[in-house]
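Working notes, beginning with the structure itself.
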Amino acid sequence: MSIYSTAVNKPISTLMIFTAILVLGIASYLQLPVDQYPKMDPPYITVMAAYPGANASDIEENVTKILEDQLNSVDELKEMTSTSYDNLSVVSLEFEWEVNLDEASNDVRDAVDKAMQDLPDDMDRPTIMKINTSSMPILIYAVTAKESYPGLDKIIDDKLITRLNRVDGLASAVLSGGPERVVYVDLDPNKLDAYNLTLEQIGSKIQAENMDVASGNVKMGLMDYSLRVEGEFEESDQIKDIVLGTMNNRTIYLHDVATVRDTVKDITLEQTINRRDGGVLMITKQTDANAVEVAEQAKKEIELAKKELPSDIQFQIISDNSRFIIQSVDNLQETLLYALLFVVIVVFLFLGRWRATFIIALTIPISLIVAFIYLFATGESLNMISLSSLSIAIGMVVDDAIVVLENVTKHIDRGSRPREAAKYGTNEVWLSVIVTTLVTVAVFFPLTLVTGMTGIIFKQLGWIVCITIITSTITAISLTPMLCSQLLKLQDKTKLKKHSFYAMSSRALDKLDAFYERLINWVLHHKTVVICSMFGLFGVSVFMARYIQTDFMPMNDQSEMSAYAKMQSGQRVEETKRVALAIDSVIRARIPEINLINLSYGTEEEASTASLMNTTGSNILNMRIRTVEREERDRSVFEIADQMRAIFKEFPEIVEFTVSTGSMGFASNTADIEVIGHDFATTTAVAQRISHEASKFPAVGDIKISRDDDKMELQVVLDQDKLAQHALTTAEIGQYMRNRVYGFRNTKFKEDGEEYDIIVRLDEKYRSSITDVENILITDGHGQKVRLKELGHIREYYSPPTIERKNKQRLLTVSLSPAAGVALGEVAGIAQSIIDNMEDVPQDVTFYIGGSYEDQQESFGSLIMLLLLSLMLVYIVMAAQFESFKMPFIIMMAIPFAFTGVVLALLMTHTSLSVVAALGAVMLVGIVTKNGIVLIDFINLLRERGVPLYEAIAKACRSRLRPVLMTSLTTILGMVPMALSSGEGSETWKPMGIAVIGGMVFSTLITLIIVPAIYAATNKSGNRNKEKKLAKQYLFMEGVEDETLPAVTQ
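When we follow this note's numbering, the leftmost residue of the sequence shown carries the number 340, and every step to the right adds one.
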């Protein structure tokens, strides 16, 4: 017994099964976490090594190259890039998307272990970070203070971060840019010389006095006592009273030769928020944690901690990813509800019956709710991809139910009892319903197999659409016929026509049927003209497609911006601060939408997540800007960004700048020209030529050269003969100089469980000129003191502040970002033309275009492969159904016109062809062929009953017009809310809605014309065998409104 017969015969059992599905779906939905994207692990691992005091060249030679040599042997490594900064080396490893990152991390850790023996002894162990969606902050707070500023770091750590670390699912909370407590021991070199002391002796003396030593046990009587010698400093003030020795019967204390200061660390990276000193608190979540829940709990803890913090400490949100997630999800849920409403309205307009509309509408929640069960079972979240998948599916899940119900209704209207009509009507269309579902699945299932970033992002979309469509098919051939048998009944059309709405709807549809009948009659007699005209139209659309711009992913307005400004290389951080505050004042005066400005300038000395987020340097200004919410302003952040660019151009101190509209600067939308070559001067000159040429194009917005101008440095040039005379080596001289200028650190001051560096160095006034440095005293191998100038000389030279490498080759990058309203593809074309037209390029310099454009090309390549695979699978499914190689080709003739509709829709709405829009175009392969299958299947059915060719085509077209229009309109109107939405995150999915609507509207109209025309042109006229089994079995079909059909014969 068939599934539909069983469902009709056992209505209660059928109802209970679907009720159970609804209950499970609701329970799953209530337990689903909310996140921005599905769980994904981008295949990136970063190794960061901090070596304070070293310049970029030293970092490259002594740190980066050593790490690269070992890391290059890691298995399944796709690409290795590195950047050497002052004080910091960052090596980024890219693997294939399918690689197990845990295993890759172990291999990277082993490689770093091998490199440790060759790295400088006084540098810390490199940090290994897996870069995934969870490593990016979900919350960024600006923390400002006045009186409490010197102790802000400790206050926040004691009063807040300890609380935050108890939040379930929170991975880390780090305050960046805040003041750091330190104890400086600033030495007077003249007094050191007078007392015959060295800096190293004083550093060692401080270390020796600052320790507790366990000295064993003492047994006294019946007791056993542990013996300890305690010497750790309890207060920093004790340090200055350390006894260094005696001279002429006089005790020499540390304060006799040095100034001891318990203070905040000298500024290397400074933060100001709305012109107040402070730091930035970054909060990240664990990989499997719910971003929204973690953010909400963290906010609550911060509110509770405020009661214990000094009143002058204030918090302001710079970035709240959870807010964007919630608003995006809410917007998509609203889109779903509107789509549901539109679908129900369409069904009611065509059927004119509330009961029939209810049966169709019931298919939607049942089909969609199964997706929640899938998400819960697989441990996934309710996110932008999953909700967008449901928005895509909502218009398609009713298609099968519409076909079944419309056919059942026809049988009831002809006098069949509802039970028999439900069985017979379903029996006639169940095969075509299943085939149309398989065709749709053939398009979406390959999405689950696509590799690379496109596959990772859209894999969940493929699974959800497949599951919901399959569920809708099962519902259509089981629940729908059961409900039809129970709820529908034969109604007197004369009574129905007295109902004003039904009468109006019926008359309109009857007129549409009559018009289509005349149209098909004309088409069948002018097949050649129609077919040639249609393909001519397709050819025109192919020509027009060249005017569509291409893009990677649409940018979202998240009420956040970031900016980068570079000033003269080598500029002191104090001057950068002055310019930064001036820019801040101008922006506040001219842009009223600005709510918060976070300025960051200086150099990050330690490896951290913040090191990855921004380029730092004493001449670099980074800005995070938050505007008021979208509903509170009249223009987008993209327009505000243009005004900011104009402001930056007014400051002559700024050499280069960029303004990004992505959250925290993570969103990249650039075409990067990689200039590969070893010589700094050569590649810099080539990059500057590229930048100059790119600036001539209005389509190019920001231009950024990744390597700053060389900065002036002081280099100690040693005389090797003199070094030998004094029994010294270059390494010893280097360490002497490092200790005296950067500082000697070998012990820490402990207080309240915290540790603070004790830094021994020369007082700044004795190391602030070349003469001061040349007069630094060094103890040679014979115990004699010699000044540096007696061992060599100091020269001024220029060195690069950053050195980039890719696969162990030096390069620099010229990043071109599109101007407002310009797509990335156009900028990439400009970049390619600049490279092609460059003359006199040195032979050892090569070029490569990367950045977001490279990701775009890879994604488009994956989608093209997906399109070809989908076409093959769709053809295979239809060929199997029709037992014909020809019929699938006839049906697939509608596919090119879907792409014509996409081209027209994108051009009319000035929308770029992004990856999302391209995916919408690929989806149309499965959607548009469903209409052709419905038509061809019914034509074949009539011909098997002996109906002449033209008569069979005319009957089938008129009979299937309404279900074709209903299924198309439900899909189209289901996408309308997505195409018209203006809420948070809507920019991402709007191009898909536009592409699908354009393709569906155009292909539906063309399908209704060209498929019958091609069928008539490729099939022989005449009658099929009238003794076919179906004709004998279903005699009731002989009365199918023959009197209303044209007597068209060939």
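The beta carbon of each residue, even a glycine, is placed where N, CA and C say it ideally should be.
Checklist entry - Counting Cβ pairs closer than 8 Å, one from the region 579-599 and one from the region 917-930, do we hit at least three? => result Here the region 579-599 does not lie against the region 917-930, with fewer than 3 beta-carbon pairs under 8 Å apart.
Given the structure, does Leu851 come close to the ligand FMN, in the sense that its CB is under 8 Å from one of the ligand's heavy atoms? With respect to small molecules bound, the structure shown includes none, and the ligand FMN cannot be examined in it.
Note to self: Quick check on Leu1369: does DSSP put it in helix, strand or coil?
What the structure shows: Confidence at Leu1369 is low in this model, with a pLDDT of 41, below 50, so the placement of that residue should be treated as unreliable; the coordinate-derived value is given next. It is helical.
The beta strand (DSSP E) enclosing Glu399, as first and last residue numbers
In the DSSP annotation of this structure, Glu399 is not part of any beta strand (DSSP E), being labelled neither H nor E.
- Message: In whole angstroms, give me the CA-to-CA distance for Arg1028 and Gly1189.
- Response: Arg1028 and Gly1189: Cα-Cα distance of roughly 18 Å.
Q. Touching or not, the region 795-812 and the region 724-740, by the rule of three or more beta carbon pairs under 8 Å?
A. Yes, the region 795-812 is in contact with the region 724-740.
*For Met462, I'd like the list of residues in its chain whose CB is within less than 8 Å of its CB, leaving aside the five on either flank, ordered along the chain.*
So the qualifying residues of the chain are Ala388, Ala389, Tyr390 and Val402.
- [ ] Count the other C-beta atoms from every protein chain shown that fall within 10 angstroms of the C-beta of Trp861, then say buried if there are 16 or more, exposed otherwise.
- [x] So Trp861 counts as exposed.
Worksheet item: Using the C-alpha atoms, what's the distance from Asn1270 back to Arg1301?
Response: Going by the C-alpha atoms only, they are around 11 Å apart.
Requested in this report: In the DSSP assignment, find the unbroken beta strand (DSSP E) run with Ile1142 in it and report its ends.
Outcome: First-last of the beta strand (DSSP E) with Ile1142: Thr1141 to Lys1145.
Between which two residues does the beta strand (DSSP E) containing Ala1233 stretch?
No beta strand (DSSP E) contains Ala1233, which DSSP labels as neither H nor E.
### Task
Compute the beta-carbon to beta-carbon distance between Ile657 and Ala481, rounded to the nearest angstrom, for a pair I have assumed lies under 8 Å.
The pair is a contact, with the Cβ atoms about 5 Å apart (cut-off 8 Å).
Check your understanding: Starting from Val386 and walking both ways along the beta strand (DSSP E), at which residues does that stretch end?
Key -> Per DSSP, the continuous beta strand (DSSP E) segment holding Val386 begins and ends at Tyr383 to Ala389.
- Task: For Tyr1075, name the three-state secondary structure that DSSP assigns.
- Result: Helix.
- Message: Measuring CB atoms only, is the region 1324-1334 touching the region 766-778, in the sense that at least three cross pairs come out at less than 8 Å?
- Response: As far as the Cβ criterion goes, the region 1324-1334 does not touch the region 766-778, which means the pair count is below three.
- Query: At what residues does the beta strand (DSSP E) containing Gly528 begin and finish?
  - Reply: Note that residue 528 corresponds to Pro in the displayed sequence, not to Gly. Not the beta strand (DSSP E): Pro528 falls in the alpha helix (DSSP H), residues Pro528 to Ala533.
My understanding is that Arg753 touches Ser824, with C-beta atoms under 8 Å, so please give their C-beta distance in whole angstroms. Between Ser824 and Arg753 the Cβ distance is about 16 Å, and since that is not below 8 Å, they are no contact.
Quiz item: Where Gly875 and Ala1256 are concerned, what is the direct C-alpha to C-alpha distance, given to the nearest angstrom?
Solution: Taking the straight line joining both Cα atoms gives about 24 Å.
### Message
For Asn746 and Phe687, I'd like the C-alpha separation in whole angstroms.
### Response
For Asn746 and Phe687, the gap between their C-alpha atoms comes out near 16 Å.
Looking at the strands, I want to know which residues DSSP matches up with Ile1390. Residue 1390 cannot be examined here, being either before or after the span of the chain that is shown, 340 to 1389.
Through-space distance from Lys485 to Phe1088, alpha-carbon basis:
Each residue's Cα considered, the two are about 25 Å apart.
ask   = Secondary structure at Arg917, three-state DSSP: helix, strand or coil?
value = Arg917 falls in the helix class under three-state DSSP.
Mapping DSSP to helix, strand and coil, what is Asn937? Of the three classes helix, strand and coil, the one that applies to Asn937 here is strand, per DSSP.
- request: To the nearest angstrom, report how far apart Ile384 and Ile470 are at their CA atoms.
  value: So the two alpha carbons sit approximately 6 Å from each other.
According to the Cβ coordinates, are Leu676 and Leu371 closer than 9 Å?
It is not a contact, given that the beta carbons lie outside the stated cut-off.
* Asked: Which partner residues of Gly618 appear in the DSSP bridge assignment?
  -> As computed with DSSP, Gly618 is found in a beta bridge with Val482.
| said: Restricting to Cα atoms, I'd like to know which of Val1099, Glu1093, Val1080 and Leu1347 is closest to Tyr1105. | reply: Here the closest residue by C-alpha is Val1080.
Mind the definition here: the region 1033-1050 touches the region 1142-1158 only if three or more C-beta pairs lie below 8 Å; say whether that holds. With the rule of 3 Cβ pairs closer than 8 Å, the region 1033-1050 counts as touching the region 1142-1158.
State the DSSP-derived secondary structure class of Ser771, mapped to helix, strand or coil. Ser771: helix per DSSP, three-state reduction.
| message | In chain order, what are the residue ranges of uninterrupted alpha helix (DSSP H) at least 4 long that sit wholly in the region 1020-1064? | response | Runs of the alpha helix (DSSP H) lying entirely within the region 1020-1064, each at least 4 residues long, are 1059-1064 in chain order.
State the DSSP-derived secondary structure class of Ala553, mapped to helix, strand or coil. DSSP places Ala553 within a strand segment (E or B) once states are collapsed to three.
Original post:
For the alpha helix (DSSP H) that Lys453 lies in, which residues bound it at each end?
Top reply: In the DSSP assignment, Lys453 falls within the alpha helix (DSSP H) that extends over Leu440 to Met455.
**Item:** Neighbourhood of Glu1135 by C-beta, 7 Å cutoff - its chain only, sequence neighbours within 5 removed
**Value:** The answer, listed in chain order, is Met1051 and Leu1053.
Could you check which residue in Thr1021, Val737 and Pro893 has the C-alpha nearest to that of Val1254? The shortest C-alpha separation from Val1254 is found at Pro893.
Continuous beta strand (DSSP E) stretch holding Ile964: start and end = Run containing Ile964: Gly956 to Thr966, per the beta strand (DSSP E) assignment.
ask   = Going by the beta-carbon positions, is the gap between Ile705 and Thr810 smaller than 9 Å?
value = Yes.
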